[in-house]
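S.K.: Here's a structure for you.
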Amino acid sequence: MSENESDTIEARLPEQEYYRPPPAFVGQANVSDPAIYERFGEYPEGFEEYAQLLDWDDHWDTVLDASDPPFYHWFNGGRLNASYNCVDRHLDSYADKTALLWEGEPGETQRIAYQDLYRRVNEFAAVLRSVGVTEDDIVTLHLPMVPELPIAMLACARLGAPHSEVFAGFTAPALADRLADANSQYLVTIDGYHRRGEFLDHKRKADSALEDGSVDIDTVLVFTREDELHPDTKMEDGRDVLVADRLDEHRGDRLDPISRDAEDVLFLMYTSGTTGRPKGAQHGTGGYLSYVAGTSKYLFDIHPTDTYWCFADIGWITGHSYIVYGPLAIGATSVLYEGAPDHPHRGRVWEIAEKYNVDIFHTSPTAVRMFMKWGEEHLQPYDFNFKHLTTVGEPMQPEAWRWYYEHVGNESAVIVDTWWQTETGGVVISNLPALADMKPGSVGQAMPGISPAILDGAGNEIEPGSGTAGYLVLERPWPGILQTLYEDDDRYLSEYWKKFSDTDSDDWRDWVYRASDSAVQAADGYYRVLGRIDDVMNVAGHRLGSMELESAIVEVPEVAEAAVAPRDHPEKGQVPDAYVVLKEGVESSEEIRSEVIDVVSEDIGKFARPGNVEFVTVLPYTRSGKIMRRLLEEISNDRELSDTTTLEDSSVPEEIRKQVQGS
Ligand code: PRX
């Protein structure tokens, strides 16, 4: 479905059978009483139940100040510190308990107890302060899956300095864009990390991001992955600071956590939108932390005795909310793995699960499809025992669901799909594991207090069970919602609110959050999310804007124009296909094809590489001059072409199809 063209589509998906959660799971669940839905039906007061999981310096005056929609203030008047909530307050009962269990790719382990975490967070906070970081300074982190990443996040939070972590797989230009947008004066990186058996030189990305002088950075703090600095790492005098040296000067330092207003910014997380520029989703402290603590306890069902592994990267929102802030706020033991799931062998994930006795495991459908393709034989040698398995990021096909249930869950674990977004802060649609039957391929019901709906293009609600998909919206704000897009309230309004809200109203009931996904609701109330409505792809669970890729591709000197469309892929969900028009007189060639692929790898990251590069002579433009990527998507997927009447020249798609098939 593509925005503004057809507003609803038929989505009569075959109904699937239900599976009951096993009684052993229900018996131990944090929530096994459906009365929770009634409690959260008291809106917005129900959400106080989540806020009460935290320690507050000052209690809030109002649960929700919605006087200036859609700029919502949760737990207004309250004060707290996120680092204190994730670390200090656990010391009384859990000082020796493992907070983070880190497995390096080469196989070394760090068991970081809450007491160690307290020490390391304080000492790094002292280092940050020594280079000048103070409250409200935005600190950009470009760190891979090493313990220093959560430590740096919590150290920033301790000082009241918002962090902006850029996924380590992003390369220099993507890092430079995000540094510039956040106007960040501080960058924290690491010399290298291990991936698929290689010790990667990571710091060079920071060097080249800062090379052309367009980003103004005072200080680059450099962690070291091994005892010795990576052989290729160069330190720039006056700018780069070796963290190891500074830590020596701050051993034993303790810094009081800064008490923050509930609405003070905790972090920025850049994500892809429909235009070229990434957008900085801004999350506050009180609402966000309450929401992720609450959902970690009630949905991920984490108990103090569990070992929980969210197999995702902290560089994306999933890791922020459900590796770091949520689990640590409730005193959990959270596993972190540095490397690739197939290194040095395809049983690595199950080997780690056995080694640490992981009982709750969270991953993406892409990973499940990959494990399924690799085959059960890679699981068989390991003795793991999960009670709860969850997924996020993309639609989960019933076939992959069944494989997960049978081979990973041993038919005795609960399986839960979770729908949410960078912007929602935490999970907003999902079944509470002990309270609802599982249904393969469905995300499930609304989380407590959340009010999703499916609308047609005119804003009318589509009834459950009608077999029609429409726009997925959320009708009431919730505590995890983003505050705005960093320094861009207008874009915040236009991306999420304008389509279905009465923007002149100051009554929050007239404001509706549009998620940019299409979804369908079955008669039993379960939602099934079909995918993005806008020009955003979902590649292996990573969100990628077509425009970002296109801007990279047109940097290739021979390329005149480029358009990118998603092609369905059996494992990754989608891969980008690039449609490229070359400059006059340039012949297509394998070299140009490689250049196109390389420029995307270099400008954005390897994970974004186009699957196919198609050389065409024209692109399908509408009369108003917009590229109709929907038609390219149909060509890529070998589907019938839909309506072409708004095209400037309606013969173009057929012409492209011929060129592609002939190529
Ligand atoms: O299209 C939806 C898809 O991922 C998008 C959000 O991406 P991001 O902000 O990167 O956050 C990913 C992890 C929270 C959504 O707009 N998506 C997420 N979860 C699901 C999903 N699609 C289908 N089913 C899901 N469970």
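Every number in this note's numbering is 872 more than the matching position in the sequence shown, counting from 1.
Note that beta-carbon positions come from the ideal geometry of N, C-alpha and C, so glycine has one too.
Being a predicted model, the structure only gives us computed values, none of them experimental.
Can you list, in chain order, the residues of its chain with a C-beta nearer than 7 Å to that of residue 1253? Leave out the 5 residues immediately preceding and following it.
M.R.: Answer for residue 1253: 1219, listed in chain order.
S.K.: Do the segment 1126 to 1138 and the segment 1256 to 1273 meet, that is, are 3 or more Cβ pairs less than 8 Å apart?
M.R.: Segments in contact, no.
S.K.: Go through the segment 1166 to 1237 residue by residue and report every complete run of the beta strand (DSSP E) that reaches 3 residues or more, in order.
M.R.: DSSP runs (the beta strand (DSSP E)) wholly in the segment 1166 to 1237: 1179 to 1182, 1205 to 1209, 1232 to 1235.
S.K.: Do residue 947 and residue 1320 count as a contact pair if the criterion is CB distance below 8 Å?
M.R.: Contact flag unset, no.
S.K.: Contact between the segment 887 to 900 and the segment 1306 to 1317 is defined here as three or more beta-carbon pairs at a separation below 8 Å; is this criterion met?
M.R.: Because the criterion of three Cβ pairs below 8 Å is met, the segment 887 to 900 and the segment 1306 to 1317 touch.
S.K.: With a threshold of 7 Å on Cβ separation, who are the neighbours of residue 963 within its own chain once the five nearest residues in sequence on each side are excluded?
M.R.: The answer, listed in chain order, is 986, 987, 990.
S.K.: Leaving out five residues on either side along the sequence, give the residues of the same chain with a beta carbon under 6 Å from the beta carbon of residue 1400.
M.R.: So the qualifying residues of the chain are 1314, 1392.
S.K.: Enumerate in chain order the residues of its own chain whose CB-to-CB distance from residue 934 is below 6 Å, with the five nearest sequence positions on each side excluded.
M.R.: These residues qualify, in order along the chain: 948.
S.K.: At a cut-off of 7 Å, would you count residue 1403 as near the ligand PRX, judging by its Cβ distance to the nearest heavy atom?
M.R.: Yes.
S.K.: Alpha carbon to alpha carbon, how far is residue 1334 from residue 937? Give it in angstroms, no decimals.
M.R.: One C-alpha to the other measures close to 30 Å.
S.K.: Using three-state DSSP, classify residue 1066 as helix, strand or coil.
M.R.: In this structure, residue 1066 counts as strand in the three-state DSSP scheme.
S.K.: Suppose you measure from the CA of residue 1490 to the CA of residue 1453; what does that come to, to the nearest Å?
M.R.: About 6 Å.
S.K.: Excluding sequence positions up to five away, which residues of its chain have a Cβ less than 7 Å from the Cβ of residue 1302?
M.R.: Excluding positions up to five away in sequence, the list reads 1171, 1288, 1289, 1290, 1291, 1315, 1316, 1319.
S.K.: Just how far apart, CA to CA, sit residue 1268 and residue 1243?
M.R.: C-alpha separation (whole angstroms): 14 Å.
S.K.: Where does residue 884 land, buried or exposed, given buried means 16+ other C-beta within 10 angstroms?
M.R.: So residue 884 counts as exposed.
S.K.: Identify the continuous alpha helix (DSSP H) that holds residue 955 and give its terminal residues.
M.R.: Residues 954 to 958.
S.K.: Anyone know if the C-beta pair for residue 1130 and residue 1064 falls short of 8 Å?
M.R.: Against a cut-off of 8 Å, the Cβ pair of residue 1064 and residue 1130 comes out as no contact.
S.K.: Which of helix, strand or coil does DSSP assign to residue 899?
M.R.: Helix.
S.K.: For the candidate residues 1180, 1346, 969, whose alpha-carbon lies nearest to that of residue 1295?
M.R.: Selected option, being the one with the closest Cα: 1346.
S.K.: Would you call residue 939 buried or exposed, if buried means 16 or more other Cβ atoms sit within 10 Å of its Cβ?
M.R.: Its Cβ having fewer than 16 others within 10 Å, residue 939 is exposed.
S.K.: Between the segment 905 to 924 and the segment 1165 to 1179, are three or more C-beta pairs nearer than 8 Å?
M.R.: The segment 905 to 924 is in contact with the segment 1165 to 1179.
S.K.: In the DSSP assignment, find the alpha helix (DSSP H) that holds residue 1477 and state where it starts and stops.
M.R.: Neither: residue 1477 is in no alpha helix (DSSP H) and is coded neither H nor E.
S.K.: May I have a chain-ordered list of the alpha helix (DSSP H) segments no shorter than 4 residues that lie completely inside the segment 1129 to 1169?
M.R.: With a minimum length of 4 residues, no continuous alpha helix (DSSP H) run stays inside the segment 1129 to 1169.
S.K.: By the three-class DSSP mapping on this structure, what secondary structure does residue 1504 have?
M.R.: Here residue 1504 sits in helix by DSSP.
S.K.: In three-state DSSP terms, what is residue 1102?
M.R.: Coil.
S.K.: May I ask you to report which of helix, strand or coil DSSP gives residue 1324?
M.R.: Residue 1324: strand per DSSP, three-state reduction.
S.K.: Which one of 1185, 1227, 1077 has the shortest CA to CA distance from residue 981?
M.R.: Among 1185, 1227, 1077, the Cα nearest to that of residue 981 belongs to 1227.
S.K.: Helix, strand or coil, according to DSSP, for residue 1060 in the structure here?
M.R.: Note: residue 1060 maps to strand in three-state DSSP.
S.K.: Under the three-state reduction of DSSP, which class applies to residue 850: helix, strand or coil?
M.R.: Nothing can be reported for residue 850: it is not among the residues displayed for the chain, which extend from 873 to 1535.
S.K.: Throw me the rounded Cβ distance for the residue 839 and residue 1030 pair, which I believe falls under 8 Å.
M.R.: A question about residue 839 goes unanswered here, because the residues of the chain that appear run from 873 up to 1535.
S.K.: Using the Cα positions of residue 1276 and residue 1283, report the straight-line distance between them to the nearest angstrom.
M.R.: Roughly 9 Å between the two C-alpha positions.
S.K.: Mapping DSSP to helix, strand and coil, what is residue 1276?
M.R.: Three-state DSSP puts residue 1276 in a helix.
S.K.: If you follow the beta strand (DSSP E) that residue 1095 is part of, which residue opens it and which one closes it?
M.R.: That run of the beta strand (DSSP E) goes 1091 to 1095.
S.K.: Output yes or no for whether 8 Å exceeds the beta carbon distance between residue 1081 and residue 1048.
M.R.: Yes, Cβ-Cβ distance for residue 1081 and residue 1048 is below 8 Å.
S.K.: Can you look up residue 1439 in the DSSP assignment and give me helix, strand or coil?
M.R.: The answer is strand: DSSP assigns residue 1439 an E or B state.
S.K.: Taking 7 Å as the cut-off, is the CB of residue 984 close to at least one heavy atom of the ligand PRX?
M.R.: No; taking the cut-off as 7 Å, the Cβ of residue 984 has no heavy atom of the ligand PRX nearer than that.
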